[in-house]
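Chains as they are written, first to last, in the working numbering: chain V, 1 to 340; chain X, 1001 to 1340.
The beta-carbon is built from N, C-alpha and C at its ideal position, and this holds for glycine as well.
This one's a predicted model, so the numbers in the text were calculated from it and none came from an experiment.
Structure, as structure tokens:
There are 2 protein chains.
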Amino acid sequence: MDERKQRILQAIVQDYIESAEPVGSRTIARRHDLGVSPATIRNEMADLEMLGYLEHIHTSSGRIPSSKGYRFYVDDLLPSKPLDEEEKALIDKWYMERVRRIDEVFQETARIISHVTKNVSLVLAPQMTQAAFRCLQFLPLDDRRAIAVLMTDAGFIENKIVDMPDGAAFEDFQRMALVINGCLAGHTLDAISPAVMKNIREEIGDESLFEAAQEVIHRSLDTGKHERLYLGGTSEILSQPEFHDVEKVKEILLMFEEEQLLKDILHAHLGEGLKVTIGKENEVRGMQDCSLMTATYHLDGELLGTIAVLGPTRMEYGKAMTLLNYMNGHLADVVKKFRW
Amino acid sequence: MDERKQRILQAIVQDYIESAEPVGSRTIARRHDLGVSPATIRNEMADLEMLGYLEHIHTSSGRIPSSKGYRFYVDDLLPSKPLDEEEKALIDKWYMERVRRIDEVFQETARIISHVTKNVSLVLAPQMTQAAFRCLQFLPLDDRRAIAVLMTDAGFIENKIVDMPDGAAFEDFQRMALVINGCLAGHTLDAISPAVMKNIREEIGDESLFEAAQEVIHRSLDTGKHERLYLGGTSEILSQPEFHDVEKVKEILLMFEEEQLLKDILHAHLGEGLKVTIGKENEVRGMQDCSLMTATYHLDGELLGTIAVLGPTRMEYGKAMTLLNYMNGHLADVVKKFRW
DNA sequence: CGTTAGCACTCAACGTGATGGAGTGCTAAC
DNA sequence: GTTAGCACTCCATCACGTTGAGTGCTAACG
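Here it is in structure tokens:
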């Protein structure tokens, strides 16, 4: 793969991303100053096709990049492009004006991403399982039930109704809360070990109360895992010519409805930094014509969640990458403003 | 509008709903046993068009119903069709198997509606503003803040961080809670009158504490108003031939993204029982080719929320109506199971 | 030996015209 | 009032020729 081939591949991918039409040797020669004639480019293109970087619908149509072609482009040929100052300002203004509560941060983040990239955006809101336990408190509800309120370090609160075992009084629950708070403080919710549980058991003493505690912890964590996904710009894909086919759109909308599936996908990419999955590299049916770019964001070293751009394989990788990188850093600052 | 005209109109609407193609006099004569020849039907159709119930793309295409035609059909000609026992069983099973927590009820309700009607469904989850106040409790957070936990009769819980005024101790807040609980019990959240507030003021005595109370009530209610909307079956509209045009689909998807708009629409129909808005009767741009059927559901006489079906004007009104009526009654039972 | 011009060939896209079918509207007969 | 008959309209479809973009190959060039 000599330099000229790379430049030609780059030119083809860029032109195709822009025009959405198969690109021919003549166009490349005209638009990019490669110093060679269309005939030479044709020869190189034939080579690139042989190597698997380009595809051909039929003789006499131009070439389009294959998944492998895009992959090479993304990994080695992507021109770095800093974000417009203008766009940065827009983003700041957007957050300033529209976000009032912490849960609006993610909704608006999704909006911004889809607005800037003209693609679908996905934002997986911070996950309590990754957050550190802060405290658990009980409120009396009636003589058989109490409300458990769980707080994490990152400042999220969840609540849950719990049954009190026969014979237990609300005071027992308050004592239980003290024990649990003492033992669990600082632990992340998904790393509560048997050892810690044993500790709690010993401190509580009473067996039936410990069972209740177990139940409470279990159910509280269950709520905590209930992470939220925000989707933005779903209508944007319709602007892309490759999705003028209603069948394809339907497949994608169907995928959007399967929230759990999307969450799982984003989950799988958690903690991997910025990652691009191109076309057929995606295993999920319906995403084979798409590329997914994901990034995970942190707050003081603590993993928070995932933001992603979903578009056609023909998406503007450079722009999306720049944006995600920017949002990545920025999001922590915005969240911090709402932290206590 | 004599009886024969009505029967012909009914036949045309039904056939058009089924086939999505303009219907001609011959088809009507063949498929419906009206005892008259196509020529007679043609004459009647010309009359119906004159009266505004039918439309005509060009000479020599069949007729399609106008908004007025659908309106008459829905109001006067709709054959009542009870729900299949089979479908009822399916719905029960669905709720049984998939719903574990109260907030999943609405998600699944949306799924069921879109699955049965093959259209988009909307479910506005119970609104705390309409719910009766049950109690408010505080939990200490640090020395300047507390967590306010608000509960309603219908069993929904919301929480919110509140600042404590300088000099106020957590004990003051607990006293405040007692007063507020005493005064507000049983009131619906959107009907807290100045008189009640005055009462609270007198009982609290301390002025700066009352201001804090006001702030707390205000902010808690603010959270309470934060109702949720569930959307289901968005991909279903793509199956309808009238939405094979990508531009139209785009307009609708765009509308789906404007959650607040949808909430407002459903809100406007709150408490009106079952209501159908047909085609151009809709004021919202993008919904002019659609019909919206809404119904509000109750729990022990208390208004809970709205369920709706959104489809092309050509939707199966009879089926949608039957289903919404059934869900209407059923939903209360399902919610009741999670009530305490 | 790499590069280039030239040329034949391929294929999609487009416009054109012919054809058929579904449906209407009108008129005259029943 | 109802119906059969008929001329007319319009859409959908297909076949057909044309055009233009693009390739692949070959032979000439520096």
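- When the beta-carbon positions are compared, arginine 134(V) and methionine 151(V) come within less than 8 Å of each other.
- One thing to note: glycine 1052(X) has its Cβ no nearer than 8 Å to the Cβ of valine 1023(X).
- Chain V places no beta carbon closer than 8 Å to that of histidine 1058(X), leaving this residue out of the contacts.
- Close to chain V, meaning a Cβ-Cβ distance shorter than 7 Å, are the following residues of the stretch 1140-1173 of chain X: Arg1145, Ile1147, Val1149, Ile1157, Asn1159 and Ile1161.
- Cβ proximity to chain X below 7 Å picks out Thr234, Ser235, Leu238, His244, Val246, Val249, Lys250, Leu253, Leu254 and Glu257 from the stretch 224-258 of chain V.
- Beyond the five residues adjoining it in sequence on each side, lysine 118(V) comes within less than 6 Å, by CB distance, of Glu236 in the same chain, given in chain order.
- For aspartate 33(V), the closest C-alpha among the options Leu48(V), Glu49(V) and Arg7(V) is that of Arg7(V).
- Taking all protein chains shown into account, methionine 1001(X) has fewer than 16 neighbouring C-beta atoms within 10 Å of its C-beta and is therefore exposed.
- DSSP places glycine 182(V) inside the alpha helix (DSSP H), whose first and last residues are 170-184.
- Listed by position along chain X, the residues whose Cβ is nearer than 9 Å to that of glutamine 260(V) form an empty set, because the closest Cβ is around 11 Å away.
- By the CB criterion at 8 Å, alanine 169(V) and leucine 136(V) fall outside the cutoff.
- Within the DSSP bridge table, the entry for tyrosine 1230(X) names Val1123(X) as partners.
- With its beta carbon at least 8 Å from every one in chain X, glutamine 214(V) lies outside the interface.
- In this structure asparagine 159(V) is buried. Its beta-carbon is surrounded by 16 or more other beta-carbon atoms within 10 angstroms.
- When beta bridges are read from the DSSP output, methionine 293(V) appears opposite Val276(V) and Val309(V).
- Residue contact with chain V for glutamine 1288(X): absent (no Cβ-Cβ distance below 8 Å to any residue of chain V).
- Tyrosine 1326(X) is positioned such that its CB atom lies no closer than 8 Å to that of valine 1276(X).
- Only residues of its own chain outside the window of five on either side were considered, and among them Pro165 have a CB closer than 6 Å to the CB of alanine 212(V), listed in chain order.
- Ranked by how close their Cα comes to the Cα of alanine 1295(X), the residues Met1287(X), Val1309(X) and Glu1283(X) have Val1309(X) in first place.
- Between glutamine 1288(X) and glycine 1279(X), the C-beta spacing is below 8 Å.
- For a Cβ distance threshold of 9 Å, nothing in chain V lies close to glutamine 1006(X): the least Cβ distance comes to about 36 Å.
- One alpha carbon belongs to glutamate 1087(X), the other to leucine 254(V), and they sit about 23 Å apart.
- In the structure shown, isoleucine 1192(X) falls within a coil segment according to DSSP collapsed to helix, strand and coil.
- The alpha carbon of serine 1080(X) has as its nearest neighbour, out of Tyr1016(X), Glu1242(X), Leu1331(X) and Ala1320(X), the alpha carbon of Ala1320(X).
- Counting along the chain, no beta strand (DSSP E) covers valine 1023(X), and no H or E run does either.
- In this structure, tyrosine 70(V) places its C-beta atom within 8 Å of the C-beta atom of threonine 313(V).
- Ranking Asn1181(X), Asp1172(X), Gly1167(X) and Val1149(X) by CA distance to the CA of isoleucine 1161(X) puts Val1149(X) first.
- Taking 8 Å as the CB threshold, glutamine 137(V) lines the interface with chain X.
- A direct Cα-Cα distance of roughly 8 Å separates leucine 299(V) from aspartate 333(V).
- Closest by C-alpha distance to glutamate 207(V), out of Gly167(V), Arg101(V) and Leu78(V), is Gly167(V).
- For histidine 1330(X), the closest alpha carbon among the candidates Ser1066(X), Asp1075(X) and Ile1091(X) is that of Ile1091(X).
- Here isoleucine 157(V) is near isoleucine 1147(X), since their CB atoms are less than 8 Å apart.
- Only residues of its own chain outside the window of five on either side were considered, and among them none has a CB closer than 6 Å to the CB of histidine 115(V).
- A check of alpha carbon separations from leucine 304(V) across Leu261(V), Leu238(V) and Leu229(V) identifies Leu229(V) as the nearest.
- Minimum Cα-Cα distance from alanine 1039(X) among the listed residues Arg1026(X), Glu1049(X) and Ala1268(X) corresponds to Arg1026(X).
- Scanning Arg1101(X), Met1050(X), Arg1004(X) and Ile1017(X) for the CA closest to the CA of alanine 1029(X) turns up Arg1004(X).
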